[in-house]
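Below is one structure, written out as structure tokens; comments come after it.
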Amino acid sequence: MYGKESEFMARKLNILVADDEESIRLGFEQLLSRDGYNFTIVDDGEKALQAIEKTDYDIIFLDFKMPLLDGIEVLKQIKQRSIKTEVVIITAYGTIKTAVEAIKLGAYDYITKPFLPDTIRKVINKIIEKKNLLSGVSTRNLEIEYGDNKDIIIGVSPKMQEIYELIHKVAPTDSTVLITGESGTGKELIAKAIHYNSLRKEKPFLTVDCGSLVETLFESELFGHVKGSFTGAIATKHGSFELAHQGTFFLDEISNISLSIQAKILRAIQEKEIKRVGATDMVKVDVRVLAATNIDLRKLVDEGKFREDLFYRLSVIPIYLPALRERKEDILPLAFHFLKKYNMKRKRKIEAISEAVQKILLAYNWPGNVRELENVIERAVVIEDMLEITTASLPTHLQEIENTLTGKEVQENIRSLDELEREHIQKVLRATNGNRSKSARILGIDRKTLYDKLKRYQIE
Ligand SMILES: Nc1ncnc2c1ncn2[C@@H]1O[C@H](COP(=O)(O)OP(=O)(O)OP(=O)(O)O)[C@@H](O)[C@H]1O
Ligand SMILES: [Mg+2]
1048 MYGKESEFMA RKLNILVADD EESIRLGFEQ LLSRDGYNFT IVDDGEKALQ
1098 AIEKTDYDII FLDFKMPLLD GIEVLKQIKQ RSIKTEVVII TAYGTIKTAV
1148 EAIKLGAYDY ITKPFLPDTI RKVINKIIEK KNLLSGVSTR NLEIEYGDNK
1198 DIIIGVSPKM QEIYELIHKV APTDSTVLIT GESGTGKELI AKAIHYNSLR
1248 KEKPFLTVDC GSLVETLFES ELFGHVKGSF TGAIATKHGS FELAHQGTFF
1298 LDEISNISLS IQAKILRAIQ EKEIKRVGAT DMVKVDVRVL AATNIDLRKL
1348 VDEGKFREDL FYRLSVIPIY LPALRERKED ILPLAFHFLK KYNMKRKRKI
1398 EAISEAVQKI LLAYNWPGNV RELENVIERA VVIEDMLEIT TASLPTHLQE
1448 IENTLTGKEV QENIRSLDEL EREHIQKVLR ATNGNRSKSA RILGIDRKTL
1498 YDKLKRYQIE
């Protein structure tokens, strides 16, 4: 139902390793085959260059010191050829100087020998995340297929992952599910996902907005009526409960229902029968009920406006959809998803979202949640003159965020040499499991200097 990360990696990622040390090559071979990647391993720089002639690699692990052609030279050539390939430098004699030089030349990161398999995994995962973010294609979305149509729920955040799991668990059961969350968080989409992943998926999925009709009409909408039961009832009508027979019935905005209709809904769920307005006998119905609300039903129960028994009946399985501001990781994948969607719908070809806009989207607090983000992107796609979405095509209240951002940026991104040195020392210490002699050797300083630095930077 949703692409697992490992499937994605095995299918998509190509990894190249170039190292002249046999033990390192063996280590990579074991790890990469166990994790299911496509990979090539070579023992010198020349062969690495030959390999990239033939295949597009996503990640290249490159030894710094190799006999024929060393890492720096290979790095330069890779970066001339492809900006998409991420290069991770492997170094045994890591000094800040060489590592910084490599990063300047475009390497993504570096690792110091000896290293643990987990270090490699972490680097690979970080690169995958970055790639996903850039392309907007996440490995962790949930697809809803119905007929020839397809909807996709975007969500890479751990919170959304939990929700997907919950959907997997509850979809095949007949449990009632109460979906809560602020307006625009995707409640209806979740209801759809549950239905179209359930055993009822070939049967109808019906939605009724409980706030949209006056009481009598609403009752007839839900349960139907018999001819002549009230003025205007010129023919017998089937209600949604009957029309959704064997399928799923989604009661949207359930908080708007009167107490008397609440009682009837409860009976429909519990006894699986309903009575048409004006009828005397009951009709059997087999319907799974899903409900959604953006206000706190518990509170309504306390105020006597919502039946406690119906509340418990509905919330057998509660699904809470967090606000978008509580899952910022989802903002950019959603933005890219909507960019694609509205390019198609509006026949436009906006290719990207500028860095400045991305920062604004991440900083904004989205009171209208995903729906608001969707509207912002749709509007931008329509009015943008450039090839990418720029701040000019955002609503003014979003444009204004930029001013508050610039100051912060500077503080965050520009770090002093001391900070870099501190971080690097910590990194080497981790790589050597805290072995100080080894660390000093790798750093190219004597032990005394290392101790001084540890003290100065207060590193344990
Ligand atoms: N995770 C998501 N991935 C893709 N699209 C989403 C996602 N969440 C919401 N949307 C889109 O955002 C819009 C609002 O979603 P939806 O109508 O499901 O929200 P809601 O919670 O029911 O809102 P309301 O409380 O206002 O009824 C829809 O167009 C929906 O397709
Ligand atoms: Mg809704």
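Residue numbering for the sequence shown follows the numbering used here, beginning at 1048 and increasing consecutively. Note that the Cβ used here is the ideal one computed from N, Cα and C, for glycine as well.
Tell me whether residue i counts as near ligand 1, meaning its Cβ is closer than 6 angstroms to at least one heavy atom of that ligand.
i, result
"I1304", "no"
"I1210", "no"
"G1202", "yes"
"V1428", "no"
"V1417", "yes"
"E1373", "no"
"E1421", "yes"
"T1227", "no"
"G1231", "yes"
"N1196", "no"
"N1390", "no"
"N1480", "no"
"N1172", "no"
"K1341", "For the record, residue 1341 in the displayed sequence is Asn; it is not Lys. Checking every heavy atom of ligand 1 against the Cβ of N1341, one is found closer than 6 angstroms."
Would DSSP call residue i helix, strand or coil?
i, result
"I1167", "helix"
"I1106", "strand"
"A1339", "strand"
"R1494", "helix"
"E1190", "strand"
"A1065", "strand"
"K1248", "coil"
"P1365", "strand"
"G1092", "helix"
"L1253", "strand"
"D1198", "strand"
"I1119", "helix"
"H1285", "strand"
"T1223", "coil"
Using a Cβ-based criterion (distance less than 6 angstroms to any ligand heavy atom), does residue i qualify as near ligand 2?
i, result
"E1376", "no"
"D1299", "yes"
"E1235", "yes"
Could you compute how far the alpha carbon of residue i sits from the alpha carbon of residue j?
i, j, result
"I1489", "I1400", "41 angstroms"
"I1304", "K1274", "24 angstroms"
"T1278", "T1223", "34 angstroms"
"G1083", "A1146", "29 angstroms"
"V1261", "G1194", "33 angstroms"
"L1464", "Q1505", "16 angstroms"
"R1426", "I1200", "21 angstroms"
"N1422", "V1324", "40 angstroms"
"N1244", "N1188", "14 angstroms"
"F1086", "K1151", "26 angstroms"
"V1077", "I1191", "The sequence given here places Gln at residue 1077; Val does not occur at that position. In a straight line, the C-alpha of Q1077 is about 37 angstroms away from that of I1191."
"F1296", "S1276", "24 angstroms"
"E1100", "G1294", "55 angstroms"
"G1351", "L1225", "19 angstroms"
"I1125", "K1160", "22 angstroms"
"L1476", "E1209", "35 angstroms"
"E1470", "Q1405", "28 angstroms"
"D1066", "S1486", "21 angstroms"
"D1328", "R1372", "50 angstroms"
For residue i versus residue j, is the C-beta distance shorter than 7 angstroms?
i, j, result
"K1234", "A1338", "no"
"D1105", "G1118", "no"
"T1166", "I1175", "no"
"E1449", "I1407", "yes"
"V1332", "F1288", "yes"
"F1252", "I1321", "no"
"T1263", "N1416", "no"
"L1290", "C1257", "no"
"A1370", "E1229", "yes"
"E1133", "L1116", "no"
"A1218", "I1237", "no"
Which term fits residue i, buried or exposed, when burial requires 16 or more other beta carbons within 10 angstroms of its beta carbon?
i, result
"A1439", "exposed"
"P1380", "buried"
"K1402", "Looking at the sequence provided, one finds Glu at residue 1402 rather than Lys. Its Cβ having fewer than 16 others within 10 Å, E1402 is exposed."
"R1247", "buried"
"S1185", "Bear in mind that the predicted position of S1185 carries a pLDDT of just 43, short of 50, making it too unreliable to give a figure here."
"S1080", "exposed"
"K1144", "exposed"
"S1204", "buried"
"A1149", "buried"
"Y1367", "exposed"
"R1335", "buried"
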